[in-house]
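Residue numbers (the working numbering): 841 to 940. Glycine is no exception: its CB is placed at the ideal position from the N, C-alpha and C atoms. Here the structure is a predicted model, which means the values were calculated and not measured. Since the structure comes first, as C-alpha cells, the remarks are kept for the end.
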C-alpha cells in the first residue's frame, strides 16, 4: 500500500467534519456516536470494520451499550492523513444510515 498523504496545514476540519473534535497534540480525530440501542451500535461498528479492512486503516474504538467512542490517527505517520478523513466521513455516513 502506498504511503497516505498528510493533510495540508490549512485543512478545515470544522467544515469537513463538524461533528469531530481534533486533538492536535495527539494528532487524533475524536467522536462519540450514540445509537438507540446496542444492536444499532454493533451494526454501525460492523459497517465500519468492513471498510477498515478494505482501507487497511483501523480505528481505535470502544463500545458501551449504545455508544461507540472513536479515535482516528495514522499511527505509522504519527499524523492525521487522508485515510483518517476518509474513515471519519464514512463513519458519519454509516451513523446516518443506522440511525435512519
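Q: Would you identify the three-state DSSP class for residue 909, choosing helix, strand or coil?
A: The answer is strand: DSSP assigns residue 909 an E or B state.
Q) Can you give, in chain order, each stretch of the beta strand (DSSP E) that sits fully within the region 890-935 and has at least 3 residues? A) 900-904 and 907-912
(Q) Can you list, in chain order, the residues of its chain with a C-beta nearer than 7 Å to that of residue 902? Leave out the 5 residues immediately preceding and following it. (A) 909
Q: For residue 938, count neighbouring Cβ atoms within 10 angstroms of its own Cβ and tell me buried if that reaches 16, exposed if not.
A: buried
Q) Are at least three pairs of beta-carbons, each pair with one atom in the region 841-854 and one in the region 883-892, less than 8 Å apart? A) no
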